[in-house]
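*Asks:*
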Amino acid sequence: MSYTALYRKFRPTDLSQVRGQDHIVTTLRNQLSGGRVGHAYLFTGTRGTGKTSIAKIMARAVNCEHPTENGPCGECDSCRSIADGSSMNVYEIDAASNTGVDNVRVIIEGVNYRPTLGKYKVYIIDEVHMLSESAFNALLKTLEEPPEWAIFILATTEVHKLPATILSRCQRYDFKRIGIDTICSRMQELMAAEGRSADERALRYIARKADGSMRDALSLLDQAIAFQSEGELSYDETLEVLGAVDTEVFSRLFRGIINRDTLGCVGIIDEMASQGKELTQFVTDFVWYLRNIMLLMASPDTASMIDISTENMVRLREDAGLSELDSVIRYIRVFSELISQIRYASQKRVHVEIAFIRCCEPRMAIKDPESLTDRVAALEKRIEEGNFVSFAAAPKTEGETVIRSDVKMPEAPKALPDDIRKLIENWPRVISDCSNDTCMIKNCKPVLSDDGKLVLYFPAGDISARLLGNEAQHRELEEIFENYTGSAVEFAIKNSESDEIFENGLYDLRNIVKPGTVNVPIDTEENTEEI
Ligand SMILES: [Zn+2]
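The sequence shown begins at 11 in the numbering used here and counts up by one.
1. Taking Gln181 as part of the beta strand (DSSP E), name the residues at either end of that continuous run.
2. May I ask which residues mark the beginning and end of the alpha helix (DSSP H) holding Thr152?
3. Would DSSP call Glu102 helix, strand or coil?
4. Pop quiz: Gly189 and Gly60 are said to be a contact at Cβ under 8 Å. What is the actual Cβ separation, rounded to whole angstroms?
5. So Leu519 and Val440 are in contact, right, with Cβ under 8 Å, and what is the actual spacing, rounded?
6. Short of 7 Å in beta carbon distance, which residues of its chain neighbour Phe292, apart from the five on each side in sequence? Order them along the chain.
7. Under 7 Å: does the beta carbon of Ser88 sit that close to some heavy atom of ligand 1?
8. Taking the alpha-carbon positions, what's the Met201 to Ser207 distance?
9. Just checking Glu242 against ligand 1 - is the residue's beta carbon closer than 7 Å to any of the ligand's heavy atoms?
10. Can you look up Ala160 in the DSSP assignment and give me helix, strand or coil?
11. Would the segment 173-191 count as touching the segment 74-93 if we require 3 or more Cβ pairs under 8 Å?
12. Which residues mark the beginning and the end of the beta strand (DSSP E) in which Asp136 is found?
13. For Ile522, which of helix, strand or coil comes out of DSSP?
14. Which one of Ile434, Ala148 and Phe264 has the shortest CA to CA distance from Thr175?
15. Reducing DSSP to helix, strand and coil, say where Pro82 ends up.
16. Ala93 and Asp136 look like a contact to me (Cβ under 8 Å); what is the Cβ gap, rounded to whole Å?
17. For Phe53, report the span of its alpha helix (DSSP H) as first-last.
18. So is Ser96 buried or exposed if we call it buried at 16+ other beta carbons inside 10 Å?
19. How many angstroms separate the CA atom of Thr290 from the CA atom of Pro22?
20. Return yes when at least one heavy atom of ligand 1 lies under 7 Å from the C-beta of Pro82, else no.
21. Tell me whether the beta-carbon of Tyr130 lies closer than 8 Å to the beta-carbon of Asn99.
22. Rounded to whole angstroms, what is the Cα-Cα separation between Met307 and Glu334?
23. What separation, rounded to the nearest whole angstrom, lies between the Cα atoms of Thr36 and Gln27?
24. Using the Cα positions of Arg179 and Thr56, report the straight-line distance between them to the nearest angstrom.
25. For Lys432, which residues of its own chain have a beta-carbon under 6 Å away from its beta-carbon, when the five flanking residues on both sides are left out?
26. State the DSSP-derived secondary structure class of Gln27, mapped to helix, strand or coil.
27. With three or more C-beta pairs closer than 8 Å as the rule, is the segment 267-278 touching the segment 357-374?
28. To which residues of the same chain is Asp447 closer than 6 Å at the C-beta, ignoring the five residues directly before and after it?
29. For Ser244 versus Ala203, is the C-beta distance shorter than 8 Å?
30. On the DSSP letters alone, give me the boundaries of the alpha helix (DSSP H) that Asn302 sits inside.
31. Can you tell me whether DSSP reads Ser459 as helix, strand or coil?
32. For Glu247 versus Phe237, is the C-beta spacing smaller than 8 Å?
33. Taking 8 Å as the limit between beta carbons, can you name the residues of its chain near Gln233, skipping five residues before and five after?
34. Run the CB neighbour count on Asp416, radius 10 Å, all protein chains shown included, and call it buried at 16 or more, exposed below.
35. What residue does the beta strand (DSSP E) around Asn505 start on, and which one ends it?
36. Whole angstroms are fine: how far does the CA of Pro438 sit from the CA of Leu150?
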């Protein structure tokens, strides 16, 4: 016996079964009962929220011989022929599939023929934003003066890609993401219908992970059920099947950030990557963990809004006592941005590492005033502990300065190679040209090596040097540099041996050539195009 996926098996067949879109259901119900059906509908919203399901219900309802208040009766000839796909009145077109695009035009042009049976021809065009230009034109012509028997239901996840001419001719319905409670109760119904029970925490985890999409939730539930074919669907095994990470790992990461333990955090990421965890999901779950900490910090009464076991709650409370609310909000912002960055990125891991470093090292985020809170907190802690040693280790008098053998101070500006001079003159622009992957160079000190090469010098222990040593990052920097010099610039990336050497401003090329004195980049092709 073949297995039918839950979301197909339990696809709503009338309006009463649609969940989480009450505003739309009510409007459509009124239109159907009042006989005021429109000719063009636009259903927009995130995937898995019921757009296609409602479109199909509408298609059956308008042709149904005995419509009910919930739409189609499901029993008349028309309802049945549409359900089994033999009706000539309903056309479902998936604009996203490559083959369809040119056929779409032909199908739409067939609209001029009156239906032989039933009242309406319904055209459901899924992912309508993918239509070719000629198909859009054909559609537009029809939408301007639709025959009385035609109904178009356009569905899209990306409404901003639709031409305004199309938008202005449709009744628009915005489908909302479905809430966790709504998804949970629907899953409970379906589990009961399947004769299975489930740990509520498992369902809540799935609902949360589905992020507002009923279809995603049911697919995940399918996976979990497939793994545990008998008995109650348990929480632990659900986590296991879905590749989720135990809360304890998030707690370790959070404490790593608080203790500025960059290496520890990167180590945990390495662990996760080698266990084959999906990093986007991992970061999403971590944001959720931070959100829980934030709620607890904001008010202890929020504990009931947190889905977590009692033992984990103890640890969560401890974590909440370790930091400041402002800092946690900043971390949430950093990691939320990260989620959208890495969704389609090829170097996910590097992005994740950078985000953790940004949190561990607030000085990395100099443009972000909120990171100042962290820096002040760190200073306060040092003062409390009487740890002033590194404050006192400021540059000594000139005579005492340790001159490092591999780094030299050019005697006069003229001793600088031309390309390096051009680069330093434009240094602020170079930094602003850097992407998120390379922006760490703003923390480096450009210096000159003994053999006249450029060295980007980072503080002792700063992990940026390692990240920038990555091939892709190195290449990006090369390209940016070349835009300012017109030729390839050789450069090395190094960590200084101690903070003391780094803090000393002597070797910094920016003290020799003042950046910003010359602001016009040389005329490479790319630059002239921009100007
Ligand atoms: Zn019917």
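Ideal Cβ placement from N, Cα and C applies to all residues, glycine included.
*Replies:* Taking the coordinates as given:
1. Gln181 to Phe185
2. Glu143 to Glu154
3. strand
4. With 8 Å as the limit, Gly189 and Gly60 do not qualify as a contact, their Cβ atoms being about 13 Å apart.
5. Rounded, the Cβ-Cβ distance is 12 Å, inconsistent with contact.
6. Val255 and Met282
7. yes
8. 6 Å
9. no
10. strand
11. no
12. Lys131 to Asp136
13. coil
14. Ala148
15. coil
16. Actually they do not touch by this definition, with Cβ atoms about 18 Å apart.
17. Premise fails: Phe53 lies in the beta strand (DSSP E), Ala50 to Gly55, not in any alpha helix (DSSP H).
18. exposed
19. 31 Å
20. yes
21. yes
22. 8 Å
23. 13 Å
24. 22 Å
25. Tyr494 and Thr495
26. helix
27. yes
28. Gln483
29. no
30. Leu289 to Ala308
31. strand
32. yes
33. Val251 and Leu252
34. Only weak support exists for where Asp416 lies, its pLDDT of 48 falling under 50; the coordinates are left without a value.
35. Phe501 to Asn505
36. 50 Å
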